[in-house]
Structures are given as structure tokens and as C-alpha cells.
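Asks: What follows is a single structure, and I will ask about it in a moment.
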Amino acid sequence: MLSLCEAVGEELKLKLILAPRGLTRRVGLLPVNYLYGRLADWFGLVAARPTGTPGSVTIRDQTIKTDPQWFNVPGNVLDATTRKLHLLKDHPVSITRQIIQANFPEPTFKYHNEFSPVVSTAQNFDSLGFPANHPGRALSDTYYLNSETLLRTHTSAHQADTFRANESAGYLVSADVYRRDAIDRSHYPVFHQMEGAMSWDRTKVPNGDVAAAVWKDFEKLPIHGVKVDDPNPPMHPETNPLQDAHHTAAEAEAIGAHLKRSLENMVVDIFSRAKATAIKDDPNFVDEPLQMRWVEAYFPFTSPSWELEVYYAGDWLEVLGCGVVKQDIYINAGVPNQLGWAFGIGIDRIAMLLFKIPDIRLFWSKDKRFLSQFEGVTDNLDNLKRFVPFSKYPPCPKDVSFWLSSTTAAGGNTKGTFHENDVMEIVRNVAGDVVEDVRLIDEFTHPKTGRKSMAYRIVYRSLERTLTNDEAVAFHEDVRKALVKELGVELR
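Using UniProt numbering, the letters of the sequence shown map in sequence onto residues 1 to 492.
So, in C-alpha cells, the structure goes:
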């Protein structure tokens, strides 16, 4: 019998098949896995779905051998490695990158925007001081190609290598990053970050006085005039310790001050642009003074560490994380005389705020009704445009409940114990971007058997057209089957 791939080709030329039924407009948005199943049902073909683990994968001209015990990267995530939204002209993610980048000018800062997403566990974790048992290393959180190779979970994976290259005092790395995560309007398995750092060399500053050199550079930074709440001391022996084996208190205080002023200036620029756009586009916008506050934080690769929050539109928003770089990172990178600061910021979150984009899935849309709204902005970053929503398409919520095995092991063809991210991955792999939200709505443990039941509500809603209830039902049935097959659960 002719296989499905042979019948309609790898790209599924569905419009040719379904145009006589008047479904051409609808079909283009459906996930490939769903289409394989539906075509097989309709035409009696053998559904040649991708199964098992490929022997190797090629990502941006780099071929990597996979390990079936570790490989957990679905096709939609592999496809995303080719998109490079942060470099796409007139795309909101790329525009936001350019705005942030402009606050850290060349030649002091060198820009790195083309690093491959394929990194080693040493780059992503070990070089940054992540402990061996850190949850971020788990298969439930990270996309692995093999035991030593993965898709980077943060731009900090390139920090040690960039310090080692030692090409400039400062640098920025902008890139797509990958994490297994929840499904809702603000989370997606692929998103974009910017990593920035600034260093001083003890052997190159006058008299070896790093603190004096940093304060001299601090005096050159613009003064923004916005209220900033910073009640905590520059360091705290218990909650935000000084690296006293490597830094003096004076050095850490100077570096922290330079870091905070640099990032405050960037955030003021971003939110001033957001406010100007809001005033231009919304006559009812209430103009309130911008407020910022610093809070102590913890990161494996900085100490002391902080997060910057902004009060905007009635709520405190976490904008970025930062701190004084752990000296071991410099030492292991072969530049032990350097010390400085680093920060990381989520570009997508800032872009959603700047352009008033309500759903992170829109960034991945190829719909002209979305992309055309931002044409010309790259050439004039002072003329930002708020996103104008399409017609609001109705949601199709569906519930699924199931029993876990008594040991909570996923059972069957699984990779270990049950983890909620496995549910998210299965739903997204079956229904793609047609899924808007997945959340746990009920948990129950049977008092006699000890078995645990879990119930999830899955909201199906296309961003680009109305999804029929029949389509949602078909998606949902495929999700139910996949949960049983992949996790070994018992449907209720």
C-alpha cells in the first residue's frame, strides 16, 4: 500500500487534495502530526508518522549523532532552530533586540547574534557552576540530542567561551533558547534572550585599582532621573555574599553600581518607548511615572546577584537578572585577572510589552496580517507600532483526566517518572500552535488504592481562524491516545 508520505509528499500538499471540499484556507494551519492521522483516516493510507529516534539530526549545517536514551527534541522544536526571529527584519523580536542593543554601543560592546543553538552540557551547565543535581539538567526541563549535547537553555551557555575569546571589554549575545515548559500565552518551548557582560582587567587599569577605574567609568554613564528603590546593601554575607576570596568589598560595590546604572538606563529607554507608543495609539492611556526596584536574587554564575523589577500598568514586572560574575568563570576561561558584571534579559517578554502582543505564539506566525503591521520599524526605531489584534476567534476547551500508576512511574515506553512538562510536550507535539493553554484543574488520590488521578483542561484556539468543534475533538482524541502511548496512563 502507498504510504502517506509517498502519496502527498513530505510537505503534505494538502491544499491540492482538499481544495475541492473548500477547506484550503483552514488546512494550512493544522499541525503535521494531526494531518498525518486525518489523511490516513480519510484515504485509507498507511500513516508514515515520524517514530523513534533519528540516528542524527542536522541543525544549522551541524550534524549531531543522537542517543535514543537522551534524545527528546520534537519536530516542531527542531524546525524552530531555522527561524532566527531575532534577526528577521521588522519582526518584533528583532526590533526589540536592536533597541536593547543600542544601549550598549560598539566598540565597547561586541555583538554576537549568530551562535549555534547546539551546545555541550559543559557549556550550558558546568562552565557556569550548575551543580550536578540541578533540576535544569533534567530531561523534563531540557532538550537533549545526546548525553553531552543539547539545545541551549540560556544565552549564558556562551559566557565562558566569549570571556575566553577576550575580544572586547563588553559583549552582547542574542539568541534563541530552548526549554520544555508550560503551555500558556506567555510560555513557548523556544524563546529569545540577550546576555550581556562588561569586564575590567586588573593588569590594565591604572595602578591595578579596579574600583577606581569602575567608578570613573560609572561617572560617564547618563543619569536617567527615574525613581529607583534599592533598599538592600551592596552585598550581604548570608543573602547576597561577596566573593571575598577574589574581590574586595570596594570592587564589588563599584561593579554593582556600574551594572545597575547601565541596566536602569536601558530599561528607562525601553519603557519610555512603550509609553510613547501607548500615548500615541491609545487616547485613554493613563501616563504614570515609571518606578523601578532592585531585589536580591540567586544565580549559580553571579554573586552578589539582583533582579530588576518595573512597576508598569498596575503591576510589578520582573525584567531581568544580573550580578557580579563568579570569578571561577573567568579563571576557567583563562582570564583570571578580569572581573566584572553580567546580565540576562528575555527579549520576547519585552517585545510583548512594547508592541502589546497578548500571545507569545504570534511571534511564530507567518500570517501577513501579523507581520505586515511592523513593516518599516527596523529603519525607524522611534516609530514603534502597537499590535492590532485580528478578530477574536472562540476557544474550544476540552478536559482530559487519567490515572497514574501507583508508583507514579510513567510506565510503558517512557523515560522515567511522570512530569507535567511531558504532558505539555505531548499536547504541543500533537496539536502544535493550535493549543493556547494547558493547566491542571484537579488532583485526586484514591484513599484505598493510593492511585493518583490528574485532570487537565486544554484550550484549543487558533490565532488565525475559527477552529471548529469537530477539529478540536479530533485533536483532543489524538492527545488522549498519545498520553496513553507515551506516558502509560489510564484514561478515566
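Beta carbons are placed, not taken as given, at the ideal position from N, Cα and C, and that holds for glycine. It should be emphasised that the depicted structure is a prediction, and the values quoted were computed from it without experimental measurement.
(1) Any idea if P283 is buried or exposed, counting beta-carbon neighbours within 10 angstroms, 16 or more meaning buried?
(2) Could you check what DSSP says for A455 in three-state terms: helix, strand or coil?
(3) Counting C-beta neighbours from all protein chains within 10 Å, is the total for R492 16 or more, i.e. buried, or is it exposed?
(4) Just the C-alpha distance for S309 and V228, rounded to the nearest angstrom, thanks.
(5) Could you spell out the range, first to last residue, of the beta strand (DSSP E) harbouring M292?
(6) So what's R179 in DSSP terms, helix, strand or just coil?
(7) First and last residue of the beta strand (DSSP E) that includes E464?
(8) Considering only residues of the same chain and omitting the five flanking positions on each side of R273, which have a CB-CB separation below 7 Å?
(9) Relative to the alpha-carbon of V286, which residue among T277, M292, W294 and R293 has its alpha-carbon at the smallest distance?
(10) Which first and last residues belong to the alpha helix (DSSP H) in which G334 is found?
(11) I'd like the span of the alpha helix (DSSP H) that includes H258, first residue to last.
(12) With DSSP run on the structure shown, which of helix, strand or coil describes L487?
(13) With a 10 Å radius around its C-beta and 16 neighbouring C-beta atoms as the bar for buried, classify K260 as buried or exposed.
(14) Applying the 10 Å Cβ sphere with the 16-neighbour rule, what's the burial state of I426?
(15) Taking the alpha carbon of K366 as the reference point, which residue from L85, E251, P74 and D230 has its own alpha carbon closest?
(16) Applying the 10 Å Cβ sphere with the 16-neighbour rule, what's the burial state of R461?
(17) In or out: T302 buried (at least 16 other Cβ within 10 Å) or exposed?
(18) Apart from the five residues on each side of it in sequence, which residues of its chain come closer than 8 Å, Cβ to Cβ, to S453?
(19) Going by C-alpha to C-alpha distance, which of L242, Y298, P300 and D315 sits closest to L290?
(20) Please tell me whether residue 494 and D67 are closer than 8 Å, where the distance is taken between their beta carbons.
(21) Going by DSSP in three states, T445 sits in which element: helix, strand or coil?
(22) Quick check on V214: buried or exposed, where buried means 16 or more other Cβ atoms within 10 Å of its Cβ?
(23) Let's test the definition: count the other Cβ atoms within 10 Å of the Cβ of S56 and tell me whether it reaches 16, buried, or not, exposed.
(24) Using 8 Å as the threshold, is the C-beta distance between H419 and S140 below it?
(25) Name the DSSP beta bridge partners of M198, please?
(26) Have a look at R293, I347 and S199 and flag the residue whose alpha-carbon is nearest the alpha-carbon of Y330.
(27) I'd like the span of the alpha helix (DSSP H) that includes Q98, first residue to last.
(28) Compute the beta-carbon to beta-carbon distance between V324 and P304, rounded to the nearest angstrom, for a pair I have assumed lies under 8 Å.
(29) In three-state terms, what does DSSP make of N232?
(30) Based on DSSP bridge pairs, tell me the residues matched to E309.
(31) Identify the residues that DSSP records as bridge partners of G346: which are they?
(32) Assign K415 to one of three DSSP states: helix, strand, or coil.
(33) Pairs of beta-carbons, one from the region 181-196 and one from the region 336-350, closer than 8 Å: are there three or more?
(34) Which residue marks the beginning of the alpha helix (DSSP H) containing K216, and which one marks its end?
(35) If you draw a straight line from the alpha carbon of K481 to that of I357, how long is it in whole angstroms?
(36) With contact counted as at least three CB pairs below 8 Å, one residue from each stretch, are the region 173-180 and the region 63-83 in contact?
Replies: Answer, in terms of the structure:
(1) Burial call: exposed.
(2) In the structure shown, A455 sits in a strand (DSSP, three-state: E or B).
(3) Exposure of R492 is indicated by the presence of fewer than 16 other C-beta atoms within 10 angstroms of its C-beta.
(4) The sequence given here places Glu at residue 309; Ser does not occur at that position. Pairing E309 with V228, the inter-Cα distance amounts to about 10 Å.
(5) In the DSSP assignment, M292 falls within the unbroken beta strand (DSSP E) covering Q291 to E296.
(6) The three-state secondary structure of R179, taken from DSSP, is coil.
(7) That residue, E464, is in no beta strand (DSSP E); it is neither H nor E in DSSP.
(8) Excluding sequence neighbours, R273 sits near I99, L354 and L384.
(9) Of the residues T277, M292, W294 and R293, the one whose Cα lies closest to the Cα of V286 is T277.
(10) Element bounds for G334: n/a, residue is neither H nor E.
(11) That run of the alpha helix (DSSP H) goes A249 to D281.
(12) Three-state result, L487: helix.
(13) Buried.
(14) Per the 10 Å Cβ criterion, buried.
(15) For K366, the closest C-alpha among the options L85, E251, P74 and D230 is that of L85.
(16) It counts as buried.
(17) T302 is classed as buried because its beta carbon has at least 16 other beta carbons within 10 Å across all chains shown.
(18) Cβ neighbours of S453 beyond the five flanking positions: S401, F402, W403, L404, D442, E443, F444, T445, H446 and R492.
(19) Taking only the C-alpha atoms, the option nearest L290 is D315.
(20) Absent from the model: residue 494. The displayed extent of the chain is 1 to 492, so no value can be given.
(21) In the three-state reduction of the DSSP assignment, T445 falls in the strand class, which pools E and B.
(22) With 16 or more other Cβ atoms within 10 Å, it is buried.
(23) Answer is exposed; the Cβ neighbour count stays below 16.
(24) Taking the C-beta atoms as reference points, S140 is found nearer than 8 Å to H419.
(25) Beta-bridge pairing links M198 to G170 and W341.
(26) Considering only R293, I347 and S199, the residue with the shortest C-alpha distance to Y330 is S199.
(27) Per DSSP, Q98 belongs to the alpha helix (DSSP H) from P92 to Q101.
(28) Yes, they are in contact, since the Cβ atoms of V324 and P304 sit about 6 Å apart, within 8 Å.
(29) Assignment of N232 by DSSP, reduced to helix, strand and coil, places it in the coil class.
(30) Under DSSP, E309 shares a beta bridge with R293 and E318.
(31) Per DSSP, Q193.
(32) For K415, the predicted model reports a pLDDT of 43, less than 50, meaning its position is unreliable and no value from the coordinates is stated.
(33) The region 181-196 makes contact with the region 336-350; the number of CB pairs closer than 8 Å reaches 3 or more.
(34) For K216, the enclosing alpha helix (DSSP H) has its first and last residue at V210 to F218.
(35) Going from the Cα of K481 to the Cα of I357 covers about 33 Å.
(36) Contact between the region 173-180 and the region 63-83 is present: three or more C-beta pairs spanning the two stretches fall below 8 Å.
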